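**Q** In my numbering, the protein residues as written are 531 to 741.
Idealized CB from N, CA, C, for every residue including glycine.
Keep in mind that this is a model prediction, so the values were computed, not measured.
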Ligand code: TYD
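(1) Would you mind sorting residue 536 into buried or exposed? The rule is 16 or more other CB atoms within 10 Å of its CB.
(2) Check residue 559 in the structure and name its three-state DSSP category.
(3) Taking Cβ positions, are residue 677 and residue 546 nearer each other than 9 Å?
(4) Apart from the five residues on each side of it in sequence, which residues of its chain come closer than 6 Å, Cβ to Cβ, to residue 641?
(5) Check whether the Cβ atoms of residue 718 and residue 668 sit closer than 9 Å, and answer yes or no.
(6) Measure how close the beta-carbons of residue 638 and residue 582 come, nearest whole angstrom, since I'm counting them as under 8 Å.
(7) Quick check on the DSSP output: the beta strand (DSSP E) that includes residue 716 runs from which residue to which?
(8) Report the three-state DSSP secondary structure of residue 531 (helix, strand or coil).
(9) Put residue 663 into one of helix, strand or coil per three-state DSSP.
(10) Identify every residue that forms a DSSP beta bridge with residue 737.
(11) In angstroms, rounded to a whole number, what distance separates the CA positions of residue 654 and residue 647?
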């Protein structure tokens, strides 16, 4: 008997929205709900064997143009899918990924100003699979920036200047309206425990009552 395909869940949100905390808490809960070993926690960019070099280029590289940045994110995703995400899903493992295609649309289109249709065409051409559910952690730019400030030095993308993160946040809100069948929007200004409870409430739709 072959295992049924695992579910693919992504977390999205601006920098400082709490994705890592929530991904960790969701995975701990899923490990109890699903059988042990049934969950893979991962992130973009960079969480596969070929990824660290690409991540470094993306977050620290000099002279990066918006199109170079876009294509490097897609290159990282292709490797991440082939080496890690798709084999896991095929084995029936559930995958929880911090950032995926919606990051590319929100950051490179709304943030950097590249045409949405052009990016969507590239994503379609790459045949990246759609997530089963995308959890958008919605938070004001000021609150997120305050959290980031507490974390110390900002990377190349986080320091993209005034207005950048507000445009990205707006992009996410529009994307959620464009794809209501897979987006779940959560208020990320609550305590981590309250957000985690809300996340579990949404993900229960996928676990089919297994609790
Ligand atoms: P990271 O430190 O992982 O950010 P965070 O902790 O907020 O998730 O850095 C990833 C950065 O790359 C982040 O600023 C968002 C950006 N990014 C894009 O611009 N496009 C993409 O397709 C992806 C995956 C990330």
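**A** Quick look at the numbers:
(1) Buried: at least 16 other Cβ atoms inside 10 Å.
(2) DSSP places residue 559 in helix when its eight states are reduced to three.
(3) Remark: C-beta atoms of residue 677 and residue 546 approach each other more closely than 9 Å.
(4) Sequence-distant Cβ neighbours of residue 641 in its own chain, meaning closer than 6 Å and more than five residues away, are 694, 697 and 698.
(5) Their beta carbons are under 9 Å apart, which means residue 718 touches residue 668 by this criterion.
(6) About 21 Å; that fails the 8 Å criterion.
(7) Here the beta strand (DSSP E) through residue 716 covers 713-717.
(8) Only weak support is given to the placement of residue 531: the predicted model assigns it a pLDDT of 43, under 50, and the question is left unresolved by the model.
(9) Strand at residue 663.
(10) In DSSP, residue 737 forms no bridge with anything.
(11) Residue 654 and residue 647 have their C-alpha atoms some 10 Å from each other.
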